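Participant:
Numbering (this note's numbering), first residue to last: 775 to 856.
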């Protein structure tokens, strides 16, 4: 005897319950690792590298003594006479 199509469909499709949590966690870990790697690499090249280049360029021409004299003349330091 053939059963109705609804009963056959319900019988054929069973949810995966055993190991579902393990499989989901495993997939989420791989996705998270991939995203972290992508974001870290992107941040390094789009934020850190230009910042390092700007600092290097600034300190190439920076004269600390000249900056000190300028601040001293402006009266920034309390313990140093003008």
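All C-beta atoms, glycine included, are put in the ideal place defined by N, C-alpha and C. Just so it is clear, the structure is predicted and the values come from calculations on it, not from any experiment.
What's the C-alpha gap between residue 839 and residue 852?
Facilitator: The straight-line gap from Cα to Cα measures roughly 17 Å.
Participant: By the three-class DSSP mapping on this structure, what secondary structure does residue 816 have?
Facilitator: The answer is helix: DSSP assigns residue 816 an H, G or I state.
Participant: Which of the three DSSP states, helix, strand or coil, is assigned to residue 842?
Facilitator: Residue state, collapsed to three classes: helix.
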